[in-house]
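Residue numbers (my numbering): 6 to 417.
Note that the Cβ used here is the ideal one computed from N, Cα and C, for glycine as well.
All values derive from a computational prediction rather than experimental measurement.
Everything on this sheet refers to the single structure shown next.
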Amino acid sequence: MSEKNNVDFEKINDKINNKKSKNLSILVGAAFLMATSAIGPGFMTQTATFTESLGATFGFVILVSVVISFIAQVNVWRIIAVSESRGQDIANKVLPGLGYVIAFLVAIGGLAFNIGNVGGAALGINVLFGTDVKISAAISGVIGIIIFASKKVGAAMDGFTKVLGGIMLLLIGYVAVISNPPAGQALKETIMRTQFPALAILTLVGGTVGGYITFSGGHRLVDAGITGEKNLKEVTRSAFMGMGVATVVRVLLFLAVLGVVSSGNTLDAGNPPASAFQIAAGTVGYKIFGIVFCAAALTSIVGAAYTSVSFLKTLFGFVNKYENKCIIGFIAISTLIFILIGQPATILVIVGSLNGLILPVTLATMLVASRRTDIVGSYKHSKLLLVLGWVVVVITAILGFRSLTGIAALWK
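Listed below in structure tokens is the structure:
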């Protein structure tokens, strides 16, 4: 009898350990999904461009944007977890119809960015193998489609983002070391800034947690069933991990480019990050750029497609029934638009700026939801997070409206 009980206990322990291991893998995968969704072609181009124009002061921009992004991310992930609902469903409970508006804006923004992601992946493949850009774009789309054609989509997506995310970290870190950046000056300017570039801060916040990016990891955890107050500690840790990965990549990329421009080099305006890598490490650096740019774009294709469709799945029965097919269609449409029309630069810039404007709306909605017992039940949201969250809403709203003038001018 005692032997049987021991066997039973062993089986129970094995099941518990397997579940913990699986949950850990999903939590890490959600973190990397969020991080790699943020680290796309635009992320790299923005960092290189702003580093060249602002120099070491860009360190201060990164610091401010990281603080704002951390506050937004943790608030959103925790509220999604305790409500056990996706962003659009929470928004519809806060104000009927608001979820449809947010879902439409996120999906349109995600589609526009995915066109750019496909273009970025095509450029990376072109750098590595010299293949025609349109053929490279088709290859990029096929890779994304294969992920969602897998029988175990969640595991495939988690593994894909973790592996490519790790590769990006290592390669960018290598270039950051050999470019020999003035780290002391960067640290000084980060703490004691000499200017306040508001537009750069808004652009970075929008590119790190704007639009669909804020919700990517949270929605992944809802799909995996890792929700509720019992999992709140792990969810928060996953959110911090995601932001931590995105921050480390941003800092390493900043230092890599800073080392190049502080030596008196001028970046190629047509492709700032590529020229930075090439100047820092020659032909090897250029090939490293190809790998990093391709990896960044491919993971962003996956993140944008998955999250954009996840905003529509609970609102439209057809999307919910054929979710994976809709994601595949989303990637296919993005790829075809790029191949047939190209990358609509003006539209991408406008949507990118609007991405930052979506954040105060979505974050404010989540903060209102945190006080509604019909949404979060008996959960008591942290007062500190709530106050800091509203501060971020106000700051991003002000910065966003200041950028509207630039958007209007661009549209003309």
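To the nearest angstrom, how far is the alpha carbon of residue i from that of residue j?
| i | j | result |
| --- | --- | --- |
| residue 157 | residue 393 | 38 angstroms |
| residue 493 | residue 90 | Nothing can be reported for residue 493, as the shown portion of the chain is limited to 6 through 417. |
| residue 188 | residue 43 | 24 angstroms |
| residue 418 | residue 50 | It is not possible to answer for residue 418, since the shown part of the chain is limited to 6 through 417. |
| residue 262 | residue 168 | 24 angstroms |
| residue 140 | residue 190 | 43 angstroms |
| residue 259 | residue 59 | 11 angstroms |
| residue 37 | residue 391 | 25 angstroms |
| residue 342 | residue 45 | 18 angstroms |
| residue 65 | residue 205 | 10 angstroms |
| residue 404 | residue 111 | 20 angstroms |
| residue 295 | residue 380 | 45 angstroms |
| residue 398 | residue 289 | 43 angstroms |
| residue 335 | residue 217 | 14 angstroms |
| residue 415 | residue 208 | In this prediction, residue 415 has a pLDDT of 47, which is less than 50 and means its spatial position is unreliable; what the coordinates show is noted afterwards. So the alpha carbons of these two residues sit roughly 15 angstroms apart. |
| residue 374 | residue 252 | 28 angstroms |
| residue 164 | residue 108 | 27 angstroms |
| residue 95 | residue 76 | 19 angstroms |
| residue 121 | residue 383 | 43 angstroms |
| residue 172 | residue 131 | 19 angstroms |
| residue 234 | residue 257 | 35 angstroms |
| residue 400 | residue 92 | 21 angstroms |
| residue 277 | residue 362 | 26 angstroms |
| residue 267 | residue 316 | 43 angstroms |
| residue 281 | residue 345 | 30 angstroms |
| residue 86 | residue 389 | 18 angstroms |
| residue 159 | residue 385 | 31 angstroms |
| residue 201 | residue 322 | 47 angstroms |
| residue 57 | residue 183 | 18 angstroms |
| residue 106 | residue 314 | 14 angstroms |
| residue 175 | residue 238 | 28 angstroms |
Out of the options, point me to the one whose CA is closest to residue i's CA.
| i | options | result |
| --- | --- | --- |
| residue 54 | 255, 189, 114 | 255 |
| residue 406 | 229, 365, 232, 209 | 365 |
| residue 203 | 291, 381, 63 | 63 |
| residue 437 | 222, 316, 330 | Residue 437 lies beyond the residue range present for the chain, which begins at 6 and ends at 417; the question has no answer from this structure. |
| residue 193 | 257, 107, 132, 68 | 68 |
| residue 82 | 61, 339, 122, 247 | 247 |
| residue 264 | 257, 185, 174 | 185 |
| residue 338 | 142, 369, 78 | 142 |
| residue 330 | 291, 152, 251, 174 | 152 |
| residue 154 | 327, 401, 385 | 327 |
| residue 166 | 250, 385, 109 | 250 |
| residue 161 | 179, 178, 225, 176 | 225 |
| residue 179 | 292, 236, 315 | 292 |
| residue 340 | 363, 320, 306 | 306 |
| residue 48 | 195, 210, 133 | 210 |
| residue 61 | 385, 195, 323 | 195 |
| residue 370 | 80, 322, 175, 177 | 80 |
| residue 52 | 372, 279, 304 | 279 |
Please classify residue i: is it buried, with 16 or more other beta-carbons within 10 angstroms of its beta-carbon, or exposed?
| i | result |
| --- | --- |
| residue 318 | buried |
| residue 29 | exposed |
| residue 104 | buried |
| residue 376 | exposed |
| residue 378 | exposed |
| residue 197 | exposed |
| residue 137 | exposed |
| residue 325 | exposed |
| residue 347 | exposed |
| residue 387 | exposed |
| residue 396 | exposed |
| residue 215 | buried |
| residue 220 | buried |
| residue 368 | buried |
| residue 88 | buried |
| residue 269 | exposed |
| residue 84 | buried |
| residue 170 | buried |
| residue 177 | buried |
| residue 372 | buried |
**Q.** Segment contact, 8 angstroms Cβ cut-off, at least three pairs: the segment 62-72 with the segment 274-287
**A.** no
Q.
Within 8 angstroms, do at least three Cβ pairs link the segment 30-39 to the segment 225-244?
A. Contact check between the segment 225-244 and the segment 30-39: three or more CB pairs, one atom from each, fall below 8 angstroms, which counts as touching.
Q. Looking at C-beta atoms only, is the number of pairs between the segment 93-101 and the segment 265-275 that lie closer than 8 angstroms three or more?
A. no
Q) Residue ranges of each beta strand (DSSP E) run of no fewer than 3 residues wholly in the segment 246-312, ordered along the chain? A) none
Q. Counting Cβ pairs, one atom from each stretch, are 3 or more of them under 8 angstroms apart for the segment 108-118 and the segment 309-318?
A. yes
Q.
Tell me whether the segment 123-131 and the segment 288-303 touch, counting them as touching only if at least three CB pairs, one residue from each stretch, are closer than 8 angstroms.
A. yes
(Q) My parser needs the alpha helix (DSSP H) runs of 4 or more residues fully inside the segment 120-185; what are they? (A) Scanning the segment 120-185 for uninterrupted alpha helix (DSSP H) segments of 4 residues or longer gives 138-154, 158-183, listed from N- to C-terminal end.
Q. Does the segment 146-153 come close enough to the segment 225-238 that 3 or more CB-CB pairs lie under 8 angstroms?
A. no
Q: Scan the segment 33-109 and note each continuous alpha helix (DSSP H) run of 4 residues or more that stays entirely inside, going in chain order.
A: Counting whole runs of 4 or more residues, the segment 33-109 contains the alpha helix (DSSP H) stretches 46-59, 63-88, 92-99.
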